[in-house]
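Engineer:
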Amino acid sequence: MYKVTNPATGEVLEEFPTATDAEITGAIDRAHQGYLAWRERPVAERAALVKRAAELFAERADELAAIITTEMGKRIAESKGELGIVVDIFSYYADNAEKLLADEALPIRGGEATIRKSPIGVLLGIMPWNFPYYQVARFAAPNLVLGNTILLKHAPSCPRSSAAIEALLRDAGLPADAYINVYATNEQVADIIADPRVQGVSLTGSERAGAAVAAEAGKHLKKVVLELGGSDPMIILDTADIDRMVKIATRSRLGNTGQACNAPKRMIVMSDIHDAFVDKLVASFQGFTPGDPADPATTLAPLSSQGAADRLIEQIDAAVAQGATVRAGGRRIEGPGAYVEPTVLTGVEPGTRAYAEELFGPVAMVFKAESEDEAVELANDTPFGLGSGVFSADPERARRVGERIEAGMVFINQAGGSQADLPFGGVKRSGVGRELGPLGIEEFMNKKVIK
């Protein structure tokens, strides 16, 4: 069942029935027929419609932001901020469509060839609740410009926002069959992937979901893009301004109530500044006050659901049972909402659950390193490899260490983040493929060689 449950109150506001098997079959039929027409539209026409979608996201930002604040508890300022990057993504692919999709001359021995960039067909997107619009934009904008059509299965807790996206794209002038929202079950997802007209699937979500979708796609030889978990390191090699480092760490870790795959979850700090950093980070984390996420004055929003809060508390309790120390927070906040105190853990040891798992919420783990080599070893000693950050007063030192980090993204002396023209993705168990930037439009593209 798809339903809207306000995580700040626990109140169920609306329920949406799942699709019937006949509705799923009909959606695939429509998406395929839509693709046959959509791919023939000139790139400039497709780009113009995607650009209009960007304009509508900007015009409707307040309305759309309110939807996700209710659905998943994001602070209203952050909800509006999410709409800002959605506008950027749709605009980037619309504005750069002609360049990104232009034929590419390929000099070869004895002549030359051309690489023609073409769509491949119907795609399935499976998207999560933590950034309900942004995650869809990363997948939908480039593929609509390219000429693919989309079936979109959103998280069961985000039925209003998923319907709002579909309505907006239609209002922008896109054909109704170019982007179809489906309230599908997991079993129906398997049926969609198996259909020969569906050419690929993109999932942002958990390792477990990614493994299941990849296995299903593999059975049918379908291309996948997977953006999964992360336990990103923030390495502080040295600093003349601990307060600035604490501010960056706090903002990066507690944004979206800590529910971001690319947030720095592990702070790796050199021993000479470790204790001072921890003391100031604890004070910073203790300065947040829970409240209604729709109230601009609120500084701490709930997690997305009671279940998410329960899982996080269970992970914190397990960490403590295995020897970690809670320096701040560590508890549920009393009341009906899914609130958890901002938490700082130290003493998390290799071999424990917290050391290996992703803590998806307002929890920072701080580790002490005696040398650059130890900092790199700690940073890489994880099954994940999404993003990372390295900080030093010496940019060359930071870059040298950054080049040794096993991650898809390394940010030098700046907080990690996402922008429309910068590729996003990871290695190891953080997934496969890239989104955003020039690489994001190539994942579901037929790079046809013509000679």
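Numbering (our numbering), first residue to last: 4 to 454. Where a beta carbon is used, it is the ideal one built from N, C-alpha and C, also for glycine. This structure is a prediction, so every number in the text was calculated from the model and none was measured.
Quick one: what does DSSP say ALA372 is sitting in, helix, strand or coil?
Structural biologist: Strand, per DSSP.
Engineer: Got a sec, what are the start and stop residues for the beta strand (DSSP E) ASP244 sits in?
Structural biologist: Neither: ASP244 is in no beta strand (DSSP E) and is coded neither H nor E.
Engineer: What's the C-alpha gap between GLY128 and ASP241?
Structural biologist: Those two C-alpha atoms are separated by around 42 angstroms.
Engineer: If you draw a straight line from the alpha carbon of GLY294 to that of SER255, how long is it in whole angstroms?
Structural biologist: Distance between the alpha carbons of GLY294 and SER255 is about 20 angstroms.
Engineer: For SER433, does the three-state DSSP call read helix, strand or coil?
Structural biologist: Residue state, collapsed to three classes: coil.
Engineer: Go through the region 373-427 residue by residue and report every complete run of the beta strand (DSSP E) that reaches 3 residues or more, in order.
Structural biologist: Those beta strand (DSSP E) runs which fall completely within the region 373-427 and span 3+ residues are 392-394.
Engineer: Mark LYS225 as exposed unless 16 or more other C-beta atoms lie within 10 angstroms of its C-beta, in which case mark it buried.
Structural biologist: Flag for LYS225 reads buried.
Engineer: Tell me the start and end of each unbroken beta strand (DSSP E) in the region 178-240 that is at least 3 residues and wholly inside, in chain order.
Structural biologist: Qualifying beta strand (DSSP E) stretches, in chain order: 182-184, 201-207, 226-230, 235-239.
Engineer: Could you tell me if ARG211 is buried or exposed, where buried requires 16 or more neighbouring beta carbons within 10 angstroms of its beta carbon?
Structural biologist: That one is exposed.
Engineer: In the DSSP assignment, the alpha helix (DSSP H) including MET4 goes from what residue to what residue?
Structural biologist: First-last for MET4: undefined, no H or E at that position.
Engineer: List the endpoints of the continuous beta strand (DSSP E) containing LYS450.
Structural biologist: 448-453 is the span of the beta strand (DSSP E), which, as asked, contains LYS450.
Engineer: Leaving out the 5 sequence neighbours to the left and right, which residues in its chain are closer than 6 angstroms to GLY233 when beta-carbon positions are compared?
Structural biologist: Closer than 6 angstroms at the Cβ level, and outside the excluded window around GLY233, lie CYS264, ASN265, PHE387, LEU389, SER433.
Engineer: Taking all protein chains shown into account, do 16 or more other C-beta atoms lie within 10 angstroms of the C-beta of THR8, making it buried, or fewer, making it exposed?
Structural biologist: By the 10 Å Cβ count, THR8 comes out buried.
Engineer: Rounded to the nearest angstrom, what separates VAL435 and GLY428 at their Cα positions?
Structural biologist: Spanning the two alpha carbons is a distance of roughly 7 angstroms.
Engineer: How is the beta strand (DSSP E) around PRO160 delimited, first residue to last?
Structural biologist: Per the sequence shown, residue 160 should be read as Ser rather than Pro. Neither: SER160 is in no beta strand (DSSP E) and is coded neither H nor E.
Engineer: Let me make sure I understand the geometry here. Which of LEU16, ALA297, LYS268, VAL369 has the alpha-carbon closest to that of ASP65?
Structural biologist: Among LEU16, ALA297, LYS268, VAL369, the Cα nearest to that of ASP65 is on ALA297.
Engineer: Please name the residue or residues paired with PHE19 in a DSSP beta bridge.
Structural biologist: Its beta-bridge partners are TYR5.
Engineer: Could you check what DSSP says for SER121 in three-state terms: helix, strand or coil?
Structural biologist: Three-state DSSP puts SER121 in a strand.
Engineer: By the 10 Å Cβ neighbour count, where 16 or more other Cβ atoms means buried, how is ASP91 classified, buried or exposed?
Structural biologist: Buried is the call here.
Engineer: Per DSSP, what kind of secondary structure is GLU115 in: helix, strand or coil?
Structural biologist: DSSP places GLU115 in strand when its eight states are reduced to three.
Engineer: Between which two residues does the beta strand (DSSP E) carrying THR349 extend?
Structural biologist: Note, THR349: beta strand (DSSP E), 346-349.
Engineer: Answer with buried or exposed for GLN138, where buried requires no fewer than 16 other C-beta atoms within 10 angstroms of its C-beta.
Structural biologist: By the neighbour-count rule (16 or more Cβ atoms within 10 Å), GLN138 is buried.
Engineer: Closest to VAL201 by CA distance: which of ILE31, LYS451, ALA143 is it?
Structural biologist: The candidate whose alpha carbon is nearest that of VAL201 is ILE31.
Engineer: Once DSSP output is grouped into helix, strand and coil, what is the label at LYS283?
Structural biologist: LYS283: helix per DSSP, three-state reduction.
Engineer: Provide the residue span of the alpha helix (DSSP H) that contains LYS268, from first to last.
Structural biologist: Careful: LYS268 lies outside any alpha helix (DSSP H), inside the beta strand (DSSP E) at 267-273.
Engineer: Which same chain residues end up closer than 7 angstroms to THR302 when comparing Cβ atoms and leaving out the 5 residues on each side of it in sequence?
Structural biologist: Same-chain partners within the cutoff: PHE291, THR292.
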